[in-house]
Amino acid sequence: MELDLNNIPQHVAVIMDGNGRWAKDQGQMRIYGHMNGVESVRETLKCATELGVKYLTLYAFSTENWNRPKDEVEALMSLLVDTIIQELDELNDNSVRLLAIGDLESLPASCQDALKQGIEKTKNNDSITLILALSYSARWELVNGMKKIAAEVEAGNLKVADISAEHISSSLTTAGIPDPELLIRTSGEQRISNFLLWQIAYAELYFSPVHWPDFRKEHFKEALLEYQKRERRFGKVSEQIRTH
Ligand code: FPP
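Here the sequence shown is numbered in our numbering, starting from 962 and rising by one per residue.
In structure tokens, the structure reads:
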């Protein structure tokens, strides 16, 4: 079956999972899996751009990942810095705009610098926006958002009765970014793991059995095909969807 290019999700979010298991299966250290995962990032970004996806969000490091062994955390941070720096020209050549969400201040200074540089140098690109979720968790983001809204109320700028879903959306790190229509998780795990909890309210969930380092264009296209087969009803009945 062919992909319908008129029905491509605007925003795809991905939980890149299975790097550690992929490496272990080959008798290698976990970081070997992360290193090989970079090629999957490249392929997925390229494929998403070609198909006309406008936002691609990748869960690269969760708040909980800080609890991993120090060596792995340090190696992952260096990998991120090196990758961002190395790929910068390629991102610009393909008109990719880079953004980051999460508790960025908790990242090492080298990582913050690489991100700032990447974001600044790609800010005018408009083919696709690549959003890296780093030191991110949805509950962290929601707590922060609630505090911002509470402060507005306390300052007398907002009435409790006026708080709307839009206020909550714009208090989050994804303010201004449309919600993902499709969430992909690799490696067979069927969990959300504290990722974009508010934003995926209506997203289609797709679980791929493939470990992230093996994830290629064909797997991304498979996820999109599956998305296109599903009927998104938003609480309505089929007949209402078909007549609109
Ligand atoms: C999850 O696999 C993967 C991560 C925590 C890190 C993902 C990071 C990369 C692929 C490098 C990304 C580079 C850029 C530029 C975005 P896991 O370690 O949880 O695997 P496991 O479940 O098998 O242990």
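Glycine is no exception: its CB is placed at the ideal position from the N, C-alpha and C atoms. The structure presented is a predicted model; accordingly, all values stated were derived computationally and were not measured.
Backbone CA spacing between Lys1031 and His1172 [nearest angstrom]: Translated into the one-based positions of the sequence shown, residue 1031 becomes position 70. Translated into the one-based positions of the sequence shown, residue 1172 becomes position 211. Taking the straight line joining both Cα atoms gives about 23 Å.
Mind checking which residues open and close the beta strand (DSSP E) that includes Val973? Against the sequence shown, residue 973 aligns to sequence position 12. Counting along the chain, the beta strand (DSSP E) containing Val973 begins and ends at 972-976.
Ala1162, DSSP secondary structure in three states: In the sequence shown, the residue the question calls residue 1162 occupies position 201. Coil.
Nonlocal neighbours in the same chain, by C-beta distance under 7 Å from Leu1049, ignoring five residues either side: Looking up residue 1049 in the sequence shown gives position 88. Within the same chain, Leu1049 has close Cβ partners Gly1079, Lys1082.
Applying the 10 Å Cβ sphere with the 16-neighbour rule, what's the burial state of Trp983? As a position in the sequence shown, residue 983 is number 22, starting the count at 1. Buried: at least 16 other Cβ atoms inside 10 Å.
As assigned by DSSP and simplified to three states, the class of Ala1021: As a first step, residue 1021 is located in the sequence shown; it is residue number 60 there, counting from the start. Strand, per DSSP.
Hey, Ile1089 and Thr1010 are a contact pair by Cβ (cut 8 Å); roughly how many whole angstroms apart? Along the sequence shown, one-based indexing puts residue 1089 at 128. Along the sequence shown, one-based indexing puts residue 1010 at 49. That belief holds up - the Cβ atoms of Ile1089 and Thr1010 are roughly 5 Å apart, short of 8 Å.
Do you know whose CA, among Ser1067, Ala1162, Ser1169, Leu1144, lies nearest Gly1196's CA? On the sequence shown, position 235 is the one that residue 1196 refers to. Comparing Cα positions, the closest option is Ala1162.
Is Leu1157 near Ala974, with beta carbons less than 8 Å apart? Mapped onto the sequence shown, residue 1157 falls at position 196. Mapped onto the sequence shown, residue 974 falls at position 13. Their beta carbons are under 8 Å apart, which means Leu1157 touches Ala974 by this criterion.
Assign Ile1184 to one of two classes, buried (16 or more other C-beta atoms within 10 Å of its C-beta) or exposed (fewer than that). Position 223 of the sequence shown holds residue 1184. The amino acid at residue 1184 is misidentified as Ile; the sequence shows Ala. Buried, because 16 or more other Cβ atoms sit within 10 Å of the Cβ of Ala1184.
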